[in-house]
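So for the sequence shown, our numbering puts the first residue at 329; every next one is plus one.
The block underneath contains the structure these notes are about, expressed in structure tokens.
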Amino acid sequence: MIDEALRDSPDMAAAAARMRRAEAYVTVSRSALIPQVSANASVTEQKISYNHLIPRSAASDGWQDYGLGTIDLKWEIDFWGKNRAGLAAATSQLEASRAETALVRLNIAAAIAMNYSELAGLYALRDTAVRTVEIRKKTVELFSERFANGMETRGSVSEAKARLAGAEGDLLSIDEQIGLTCNRLAALAGAGPDRARSIHPPTVNLNSSFGLPAELAANLVGRRPDVTMARLMTEAQMHRIDQKKAEFYPNVNLVAFIGVQSLGLDMLTRAGSDIGGIGPAVSLPIFTAGRLQGELRERSAIYDEMVANYNATVTHALEDVANAALSIRALAGQLEKGDEAVAEAAEAHRVARNRYEGGLANVIEVLYAEDVLLNSQRTLAGLKSRALTLDVALQRALGGGYQHSKI
Numbered sequence: 329m330i331d332e333a334l335r336d337s338p339d340m341a342a343a344a345a346r347m348r349r350a351e352a353y354v355t356v357s358r359s360a361l362i363p364q365v366s367a368n369a370s371v372t373e374q375k376i377s378y379n380h381l382i383p384r385s386a387a388s389d390g391w392q393d394y395g396l397g398t399i400d401l402k403w404e405i406d407f408w409g410k411n412r413a414g415l416a417a418a419t420s421q422l423e424a425s426r427a428e429t430a431l432v433r434l435n436i437a438a439a440i441a442m443n444y445s446e447l448a449g450l451y452a453l454r455d456t457a458v459r460t461v462e463i464r465k466k467t468v469e470l471f472s473e474r475f476a477n478g479m480e481t482r483g484s485v486s487e488a489k490a491r492l493a494g495a496e497g498d499l500l501s502i503d504e505q506i507g508l509t510c511n512r513l514a515a516l517a518g519a520g521p522d523r524a525r526s527i528h529p530p531t532v533n534l535n536s537s538f539g540l541p542a543e544l545a546a547n548l549v550g551r552r553p554d555v556t557m558a559r560l561m562t563e564a565q566m567h568r569i570d571q572k573k574a575e576f577y578p579n580v581n582l583v584a585f586i587g588v589q590s591l592g593l594d595m596l597t598r599a600g601s602d603i604g605g606i607g608p609a610v611s612l613p614i615f616t617a618g619r620l621q622g623e624l625r626e627r628s629a630i631y632d633e634m635v636a637n638y639n640a641t642v643t644h645a646l647e648d649v650a651n652a653a654l655s656i657r658a659l660a661g662q663l664e665k666g667d668e669a670v671a672e673a674a675e676a677h678r679v680a681r682n683r684y685e686g687g688l689a690n691v692i693e694v695l696y697a698e699d700v701l702l703n704s705q706r707t708l709a710g711l712k713s714r715a716l717t718l719d720v721a722l723q724r725a726l727g728g729g730y731q732h733s734k735i
């Protein structure tokens with residue numbers, strides 16, 4: 329089901345689109361470092377003024393065909409590193425997009441695993457709830473029969489019926505939770521409610537909790553995709569600051585062209601119609617009314633914000649790991665007590681049955697002991713389901729095995 333969600337989830341599709349957009353921007357940024365070549369051609373019908381620049385005798389009469397064709401070259405010489413900084417920013421942003429895609433993938437996989445573990449626990453609870461309803465029905469039948477024979481009061485029968493109604497209500501509530509969990513799983517998989525109806529009871533072994541790893545080093549959170557993404561976005565903004573600083577310096581372009589030009593299209597390919605030129609073009613911002621300074625301050629403020637966001641992400645990551653580890657350690661003791669409670673309840677049930685079979689106890693004592701056993705098993709099933717959920721939470725808190733590799 330995780331594979332299905334990773335294939336069909338709208339969140340994954342959106343993350344993949346953002347990554348493609350970042351890849352395209354890297355291509356655009358890289359092109360700024362390479363000379364740009366273009367071809368241009370024009371054909372116009374024009375008349376030269378008889379009273380401008382050239383004498384009347386030298387001007388052509390009337391309207392004439394005018395042709396121009398050139399190959400132009402323009403290369404921005406990156407003396408101050410503006411375009412290199414732009415490429416570095418785009419590359420860091422692309423790496424951040426890849427980390428974001430990994431984060432979306434991790435969140436989807438973890439959400440499905442958690443909900444699947446909860447679904448397994450709910451089905452285990454449902455089994456005990458069904459058995460509890462059966463026992464409560466037998467108890468009502470027995471008490472009704474004893475009341476008819478004058479051996480029980482009406483209050484005892486009403487109490488037994490109330491306990492039956494409560495058990496049936498619990499079963500309905502569990503069925504509702506199962507349906508809601510299946511709907512969540514279907515939505516995570518990018519499917520509709522029909523998919524929820526095709527989800528079968530899980531075959532997860534509730535005894536397969538993995539517990540804590542042998543070592544939980546703080547630097548493990550650095551492998552989390554959200555931490556990596558925050559760091560790379562901060563790096564990208566740092567490069568954008570360098571890019572903006574370079575705009576304070578002269579912009580130097582090498583411009584060249586070669587081609588043909590003629591007055592009269594029949595002359596365009598003849599000798600002497602060739603034209604060409606090469607030279608530098610320099611521009612320097614002198615007065616921008618504070619625009620460049622304001623844009624630089626804006627980028628610096630964004631960088632400070634991203635640094636703060638990165639620190640917050642690391643803090644939350646450490647909190648996630650600490651909380652998962654604390655809950656797993658605490659749950660270990662609860663599971664031990666839960667096993668002990670089930671064992672003692674099973675022993676009490678065994679003794680009650682032996683006493684009943686030996687004629688030393690009535691069936692009410694056996695039903696009560698079985699009711700206690702089922703309640704203990706129900707509690708233990710919930711604890712085991714939580715253990716699996718906490719395993720998933722710890723794996724997610726540690727990054728799910730994500731490894732960042734530079735482009």
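Where a beta carbon is used, it is the ideal one built from N, C-alpha and C, also for glycine.
Whole-angstrom distance between residue j and residue i, CA atom to CA atom
i, j, result
"residue 674", "residue 684", "15 Å"
"residue 336", "residue 564", "30 Å"
"residue 345", "residue 723", "27 Å"
"residue 281", "residue 635", "An answer regarding residue 281 cannot be provided, because it is not within the stretch 329 to 735 covered by the chain."
"residue 558", "residue 503", "41 Å"
"residue 514", "residue 438", "14 Å"
"residue 590", "residue 596", "5 Å"
"residue 462", "residue 478", "24 Å"
"residue 353", "residue 419", "9 Å"
"residue 566", "residue 628", "8 Å"
"residue 501", "residue 458", "12 Å"
"residue 654", "residue 637", "25 Å"
"residue 371", "residue 428", "51 Å"
"residue 664", "residue 691", "31 Å"
"residue 481", "residue 450", "36 Å"
"residue 408", "residue 642", "34 Å"
"residue 460", "residue 491", "10 Å"
"residue 350", "residue 334", "20 Å"
"residue 366", "residue 523", "54 Å"
"residue 369", "residue 379", "28 Å"
"residue 728", "residue 650", "16 Å"
"residue 330", "residue 441", "8 Å"
"residue 317", "residue 494", "This structure cannot speak to residue 317, because the chain is shown only from 329 to 735."
"residue 569", "residue 616", "18 Å"
"residue 341", "residue 549", "26 Å"
"residue 632", "residue 574", "20 Å"
"residue 530", "residue 338", "25 Å"
"residue 456", "residue 697", "14 Å"
"residue 639", "residue 422", "21 Å"
Counted within 10 angstroms of its Cβ, other Cβ atoms place residue i as buried (16 or more) or exposed
i, result
"residue 464", "buried"
"residue 609", "exposed"
"residue 594", "exposed"
"residue 695", "buried"
"residue 357", "buried"
"residue 652", "buried"
"residue 413", "buried"
"residue 374", "exposed"
"residue 553", "buried"
"residue 658", "exposed"
Neighbourhood of residue i by C-beta distance below 6 Å, restricted to the same chain and skipping five residues each side
i, result
"residue 561", "424, 634"
"residue 488", "467, 468, 471"
"residue 588", "397, 596, 601, 602"
"residue 699", "463"
"residue 411", "360, 361"
"residue 611", "579"
Proximal residues to residue i (C-beta, below 7 Å), its chain only, five neighbours per side dropped
i, result
"residue 520", "514"
"residue 446", "509, 713, 717"
"residue 704", "669, 670, 673"
"residue 666", "707, 708, 711"
"residue 343", "428, 429, 432"
"residue 592", "392, 393"
"residue 630", "565"
"residue 584", "401, 605, 606"
Close beta carbons around residue i, own chain, < 8 Å, minus the five adjacent residues each side
i, result
"residue 693", "680, 683, 684"
"residue 506", "447, 450, 451, 454"
"residue 701", "670, 673, 674, 676, 677"
"residue 443", "509, 512, 513, 516"
Cβ-heavy atom distance, residue i to the ligand ADP, below 7 Å
i, result
"residue 376", "By its list of ligands, the structure shown contains no ligand whatsoever, and the ligand ADP lies outside what it can speak to."
Task: Three CB pairs or more closer than 8 Å across the segment 396-404 and the segment 567-585 - done: yes
- [ ] Check whether the segment 634-652 touches the segment 615-623, counting contact only when three or more Cβ pairs, one atom from each stretch, lie closer than 8 Å.
- [x] no
Task: Sufficient close CB pairs (3 or more, under 8 Å) joining the segment 429-437 to the segment 354-373 - done: The answer is no - the segment 354-373 does not touch the segment 429-437, with fewer than three Cβ pairs under 8 Å.
Open item on the list: Which runs of the alpha helix (DSSP H) at least 4 residues long sit entirely within the segment 460-533? Give them in chain order.
Closed with: Taking only runs of at least 4 residues, the alpha helix (DSSP H) segments lying wholly in the segment 460-533 are 482-516, 521-525.
Task: Every unbroken alpha helix (DSSP H) inside the segment 609-688 [4 residues or more] - done: 619-685
Task: Start-end ranges of the beta strand (DSSP E) lying completely within the segment 385-416, minimum 3 residues - done: 391-405
Open item on the list: Give the list of continuous alpha helix (DSSP H) stretches no shorter than 4 residues that lie fully inside the segment 333-375.
Closed with: 338-359
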